[in-house]
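Notes to accompany the following structure.
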Amino acid sequence: MQEMIKRILEMDEQARQLTEDASSMRMQAEMTVEEKSQALKEQYLTRARKKVEQLEQKERGFADEEWAATQQKYAAIMDALDQTAASNQDAWVKTIVSRTLGRE
Numbered sequence: 005m006q007e008m009i010k011r012i013l014e015m016d017e018q019a020r021q022l023t024e025d026a027s028s029m030r031m032q033a034e035m036t037v038e039e040k041s042q043a044l045k046e047q048y049l050t051r052a053r054k055k056v057e058q059l060e061q062k063e064r065g066f067a068d069e070e071w072a073a074t075q076q077k078y079a080a081i082m083d084a085l086d087q088t089a090a091s092n093q094d095a096w097v098k099t100i101v102s103r104t105l106g107r108e
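This is the structure in structure tokens:
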């Protein structure tokens, strides 16, 4: 009987030890999963930031090109207006004077 009780106590001790080992392993696994999760999150954030930076530079380049084209377009329009004004200035002045004086 004593031997049986001793054997039951040993089995109980072994079961407790297995339970503690399993609990410890589970905690380590959870910490490993958390660490891996955090590392993946940081990797994704790093990639996302790089992608945003690349897209920002690309869009800035497109905007600069569009701005330069718009400036060039309006500069050409201003030159055309200046040329029209210069070539028609005398005729316009004569027309304005004539209409003001009622000669037309």
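In this text, residue positions in the sequence shown follow the working numbering: the first is 5, and each later residue adds one. Note that the Cβ used here is the ideal one computed from N, Cα and C, for glycine as well. Computed from a prediction, not measured in an experiment: that's the story for all the values here.
{"Item": "Alpha-carbon spacing of ALA95 relative to GLY106, whole angstroms", "Value": "16 Å"}
{"Item": "Terminal residues of the alpha helix (DSSP H) in which MET29 lies", "Value": "6-105"}
{"Item": "Rounded C-alpha distance that separates LYS10 from MET35", "Value": "37 Å"}
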